[in-house]
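In order, the protein sequence lines correspond to chains A and B.
Every letter in the first sequence is one number past the one before it in the numbering used here, and letter 82, counting from 1, is 82.
Here the numbering used here = 1-based position in the second sequence + 135.
Written out below as structure tokens is the structure these notes cover.
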Amino acid sequence: MRRTSIKLAIIVLSIFLAPLLPIAHGQQVTDWELLVPEGAVIKEPLKLAPRITTLENKTVALRWNGKPNGEIMLNKLAELLKEKIPTVKIVKLYEVERSTIHTEAPGSTAQSVDAEAKMIKEKYKPDLVIGSQAD
Amino acid sequence: MYQLGIEKAGIPTVTIATNEFVGLARSVMKSEGAPDMAFAEVQHPVGGIKKEEVEARAKVIIDDVIKKATSWKPAAVASTAKESYYPAKTVKLQGTYEEVNAFFFKQKWTDGLPIFPPTREKVKEMLAGTSAPPDKVIMKLPPRQGGLTVEGIAINAVMAGCKPEYMPVLVSAFETIGKAYEKKWNLRQTQVTTNPVSIVLIVSGPIAKELGVHSGAGLFGPEYHANATIGRAFQTILRNVGGAHSPSPNQATHGQSGEFTMCIAESESNPWGTLRTQLGFKKEDNAVIAFPIFQRRNVNDHWNTTGKGILANTAQEMAMVENPMLRDSGIILLIGPEHADTISKDKWTLADMRRFLYEWGRVPLSRFTPGGSGWAAIPKWIAEAPEQTNMVPVVDKPEDIIVGVAGGAGKHSVLLIGGYAEAIAGPINK
Chain A
1 MRRTSIKLAI
11 IVLSIFLAPL
21 LPIAHGQQVT
31 DWELLVPEGA
41 VIKEPLKLAP
51 RITTLENKTV
61 ALRWNGKPNG
71 EIMLNKLAEL
81 LKEKIPTVKI
91 VKLYEVERST
101 IHTEAPGSTA
111 QSVDAEAKMI
121 KEKYKPDLVI
131 GSQAD
Chain B
136 MYQLGIEKAG
146 IPTVTIATNE
156 FVGLARSVMK
166 SEGAPDMAFA
176 EVQHPVGGIK
186 KEEVEARAKV
196 IIDDVIKKAT
206 SWKPAAVAST
216 AKESYYPAKT
226 VKLQGTYEEV
236 NAFFFKQKWT
246 DGLPIFPPTR
256 EKVKEMLAGT
266 SAPPDKVIMK
276 LPPRQGGLTV
286 EGIAINAVMA
296 GCKPEYMPVL
306 VSAFETIGKA
316 YEKKWNLRQT
326 QVTTNPVSIV
336 LIVSGPIAKE
346 LGVHSGAGLF
356 GPEYHANATI
366 GRAFQTILRN
376 VGGAHSPSPN
386 QATHGQSGEF
396 TMCIAESESN
406 PWGTLRTQLG
416 FKKEDNAVIA
426 FPIFQRRNVN
436 DHWNTTGKGI
446 LANTAQEMAM
456 VENPMLRDSG
466 IILLIGPEHA
476 DTISKDKWTL
486 ADMRRFLYEW
496 GRVPLSRFTP
506 GGSGWAAIPK
516 WIAEAPEQTN
526 MVPVVDKPED
536 IIVGVAGGAG
546 KHSVLLIGGY
556 AEAIAGPINK
């Protein structure tokens, strides 16, 4: 009887003392509502240009971003395109319009990008532009 | 970006990107609102290999180029135009503090170190540190073009462990950068380059002492709460809102530790004025300076007892770290107090120091390959000189060297070597 009373007392005491025991903060399961740190991206989708279905008799402009060997790659692609499609006309912008050779250069803005595109369109009238990017 | 301009003009494109960089290309594409683009992937690298190898890679991709030119169609994507920048979205989780951190890490919202969870209560407390309204859109951060609001700054500041009183520095930093970015300040390149570039924030003025932003011994190191957390919040925002995550689109080959945190103050004990006065502010103003840097270069000079000797040593260190990017950006020289004492006792003026460093911090022209990437950055009057042993200055003009004082005891100064954009400064408004 006495042992049972002692056991009961220990159990009751534990129930009252348990909330006071230190609980590692990290181990406590909590409901969290947290703010997302990313920020929204809001953009109306850009409409891409209509696609072509053949390169026969088309003008293809090649644009180099100035990174090493990019022009070698484009020169070889030009040669291979002519082999496969003899009627294609190639315009190497990096030879005839050296101002088009640049990466995301300092000073590039939406306005300068659009202005360059307009110049290429009006002056060279390409049906397709193949560009080399990155390293 | 230029290929997207072509598309907008009504001409279809095919873009060749190496498999290591196509992720960056797609990120830029998305940030500009393009649903998709025709990419032809080529094996990386294209640069730094022999001509025959480049041509072999071209043969591998030619059929794909033709296919992308004639058969490819873009995927459709839903417009995000009806979303708003404020208030921020929320995420509900049930778990321990460690589980919250694991979730944030998985989302790539952390720098790999534990964060403080950004609860509504904590963000509200943080916002109390600034008078700027929480819904104010400061800028869109490249390359992701995420909209950064004052609330967004507060969310990331909570995560980084900032105190609310630090908020004006962060808000002012991004306001300053936002205005400069509109005028072509090259933030985009610093976010995505393969170079190890990171933006240092320098807090300048009486507010530095008020906030405890440290300008003395070990200022670039740990143990200074304001330095550590303001810098951390700033870098976290560049990643989370700007999307500059490693390994893509942040293509930094090695990166640098400044991408964890890099925020300091400059000393007000500067015999030549302060960085902020050289950048157009008054002595009584508070300003924050942002400067993208490749590296910090130590000027270790324990032996010169004259100002000229220390400056000559400094010029030599400048020449060691010469690169073409310097000419877009310039240098900040932070003179250690002991060096500053020696140089000022020899009566050097700011203009004299700049002129001396410009004249002495030079590299031989023969280091550059005509037509190589560095050649384009050489001033014309040097490139066209008949004598090929001419010495090329590492900056375009003496005023591109800005001089401050910082640091503790010891005979050291430090060069902050700029890249992609010049140092800019803006007012800190509470």
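Virtual Cβ for every residue (Gly too), placed ideally from N, Cα, C.
Every value quoted in this text rests on a predicted model; they were computed, and no experiment measured them.
**Request:** Please specify which runs of the alpha helix (DSSP H), each continuous and at least 4 residues long, are wholly inside the stretch 388–457 of chain B, giving them in chain order.
**Result:** Complete alpha helix (DSSP H) runs here, min 4: 410–413 and 442–455.
**Prompt:** Under a CB-based cut-off of 9 Å, is Ser132 (chain A) close to chain B?
**Reply:** For Ser132 (chain A), the answer is yes, since a Cβ of chain B falls inside 9 Å of its Cβ.
**Within chain A, the residues that Ser307 (chain B) reaches when beta carbons sit closer than 9 Å** = In chain order: nothing, as chain A lies at least about 18 Å away.
**Message:** Let me check understanding here. Comparing Cα to Cα, which of A:Leu35, A:Ile52, A:Glu71 and A:Asn65 lies closest to Thr205 (chain B)?
**Reply:** The candidate whose alpha carbon is nearest that of Thr205 (chain B) is A:Ile52.
**Interface residues of chain A facing Arg192 (chain B) [CB-CB closer than 8 Å]** = Within chain A, the residues near Arg192 (chain B) are Met73.
**Message:** Classify Gly356 (chain B): buried if its beta carbon has 16 or more other beta carbons within 10 angstroms, exposed otherwise.
**Reply:** That one is exposed.
**Message:** Let's see if you can read the secondary structure: which residues bound the alpha helix (DSSP H) around Ile466 (chain B)?
**Reply:** In the DSSP assignment, Ile466 (chain B) falls outside any alpha helix (DSSP H) and within the unbroken beta strand (DSSP E) covering Ile466 to Ile470.
**Asked** Among B:Ser548, B:Asp481 and B:Ile537, which one has its Cα closest to the Cα of Pro472 (chain B)?
**Response** For Pro472 (chain B), the nearest C-alpha among the options comes from B:Ser548.
**Message:** Measuring only the C-alpha atoms, how far is Lys243 (chain B) from Gly281 (chain B)?
**Reply:** When rounded, the distance between both Cα atoms is 15 Å.
**Message:** Let me confirm a value: Asp270 (chain B) is counted as buried when at least 16 other C-beta atoms fall within 10 Å, else exposed. Which label applies?
**Reply:** Exposed, since its Cβ has fewer than 16 Cβ neighbours within 10 Å.
**Message:** How far does the alpha helix (DSSP H) with Ser162 (chain B) in it extend, from its first residue to its last?
**Reply:** Its alpha helix (DSSP H) spans residues Val157 to Ser166.
**Asked** If we call anything under 9 Å between Cβ atoms a contact, is Arg279 (chain B) one with Lys194 (chain B)?
**Response** No, they are not a contact pair.
**Item:** Cβ of Lys43 (chain A) within 9 Å of any chain B Cβ
**Value:** At least one chain B Cβ lies under 9 Å of Lys43 (chain A).
**Asked** When the Cα atoms are used, what is the spatial distance from Glu44 (chain A) to Val327 (chain B)?
**Response** Going from the Cα of Glu44 (chain A) to the Cα of Val327 (chain B) covers about 24 Å.
**Request:** With a threshold of 16 other CB atoms inside 10 Å of the CB of Ala560 (chain B), please say whether the residue is buried or exposed.
**Result:** Residue environment: Ala560 (chain B) is assigned as buried (16 or more neighbouring CB atoms within 10 Å of its CB, all protein chains considered).
**Asked** Taking Cβ positions only, does Met302 (chain B) come closer than 9 Å to chain C?
**Response** Among the protein chains in the structure shown, which are A and B, there is no chain C.
**Request:** Compare the C-beta of Gly26 (chain A) with all C-beta atoms of chain B and state if any pair is closer than 9 Å.
**Result:** Caution applies to Gly26 (chain A), whose pLDDT of 49 falls short of 50 and renders its modelled position unreliable; the value that the coordinates give is listed next. So yes, Gly26 (chain A) belongs to the interface.
**Buried versus exposed call for Asp198 (chain B) [16 or more other C-beta atoms within 10 Å across all chains shown]** = Exposed: under 16 other Cβ atoms inside 10 Å.
**Asked** Any idea if Ile453 (chain B) is buried or exposed, counting beta-carbon neighbours within 10 angstroms, 16 or more meaning buried?
**Response** Correcting the residue type first, residue 453 (chain B) is Met in the shown sequence and not Ile. By the 10 Å Cβ count, Met453 (chain B) comes out buried.
**Request:** Please compile the residues from chain B whose C-beta is within a distance smaller than 8 Å of the C-beta of Lys76 (chain A).
**Result:** Taking a Cβ-Cβ cut-off of 8 Å, the neighbours of Lys76 (chain A) in chain B comprise Val189, Glu190, Ala193 and Lys194, given in sequence order.
**Asked** Do the CB positions of Val113 (chain A) and Leu139 (chain B) come within less than 9 Å of each other?
**Response** In this structure, the beta-carbon distance from Val113 (chain A) to Leu139 (chain B) falls below 9 Å.
**When B:Ile466, B:Phe309 and B:Arg192 are compared against Ala558 (chain B), the one with the closest alpha-carbon** = Selected option, being the one with the closest Cα: B:Ile466.
**Request:** Determine the contact status of Leu262 (chain B) and Met302 (chain B), defining contact as a CB-CB distance below 9 Å.
**Result:** By the CB criterion at 9 Å, Leu262 (chain B) and Met302 (chain B) fall inside the cutoff.
**Asked** Quick one: which chain B residues come within Cβ less than 7 Å of Ile90 (chain A)?
**Response** None at all; the shortest Cβ gap to chain B is about 13 Å.
**Extent of the continuous beta strand (DSSP E) run through His547 (chain B)** = His547 to Gly553 is the extent of the beta strand (DSSP E) around His547 (chain B).
**Message:** Within the continuous alpha helix (DSSP H) that includes Gln138 (chain B), where are the two ends?
**Reply:** Per DSSP, Gln138 (chain B) is one residue of the alpha helix (DSSP H) stretching across Tyr137 to Lys143.
**Request:** Return the chain-ordered ranges of every alpha helix (DSSP H) run that is complete within the stretch 294–364 of chain B and spans a minimum of 4 residues.
**Result:** The stretch 294–364 of chain B contains these whole alpha helix (DSSP H) runs: 302–317, 322–327 and 341–346.
**Request:** Answer yes or no: does any C-beta atom of chain A fall closer than 9 Å to that of Asn291 (chain B)?
**Result:** With its beta carbon less than 9 Å from one in chain A, Asn291 (chain B) belongs to the interface.
**Message:** Can you tell me which residues form a DSSP beta bridge with Gly539 (chain B)?
**Reply:** Looking at the DSSP assignment, Gly539 (chain B) forms a beta bridge with B:Leu469.
**Prompt:** Using 8 Å as the threshold, is the stretch 414–432 of chain B in touch with the stretch 298–313 of chain B, meaning 3 or more CB pairs across them?
**Reply:** Below 8 Å, enough C-beta pairs join the stretch 414–432 of chain B and the stretch 298–313 of chain B to call them touching: three or more.
**Message:** My assumption, with CB atoms under 8 Å, is that Thr449 (chain B) sits in contact with Leu468 (chain B). Please give the rounded CB distance.
**Reply:** Going by Cβ atoms, the distance from Thr449 (chain B) to Leu468 (chain B) rounds to 7 Å, so yes, they are a contact pair.
**Message:** Check whether the stretch 392–411 of chain B and the stretch 309–324 of chain B are in contact - that is, three or more C-beta pairs closer than 8 Å.
**Reply:** Verdict: no, contact absent.
**Prompt:** Which chain B residues are close to Pro138 (chain A), counting only those with a beta carbon under 7 Å from its beta carbon?
**Reply:** This structure leaves residue 138 (chain A) out entirely; chain A is present only between 1 and 135.
**Item:** Reference Cys297 (chain B), options B:Glu234, B:Val157, B:Asn362 and B:Val332, closest by Cα
**Value:** Comparing alpha-carbon positions, the option among B:Glu234, B:Val157, B:Asn362 and B:Val332 lying closest to Cys297 (chain B) turns out to be B:Asn362.
**Request:** Output yes or no for whether 9 Å exceeds the beta carbon distance between Val189 (chain B) and Met73 (chain A).
**Result:** If you check the CB distance, Val189 (chain B) and Met73 (chain A) come in under 9 Å.
**Prompt:** If Val376 (chain B) sits next to Gly287 (chain B), beta carbons under 8 Å apart, how far is it from one beta carbon to the other, in whole angstroms?
**Reply:** Between the beta-carbon of Val376 (chain B) and that of Gly287 (chain B) there is about 6 Å, and that keeps the pair under the 8 Å contact cut.
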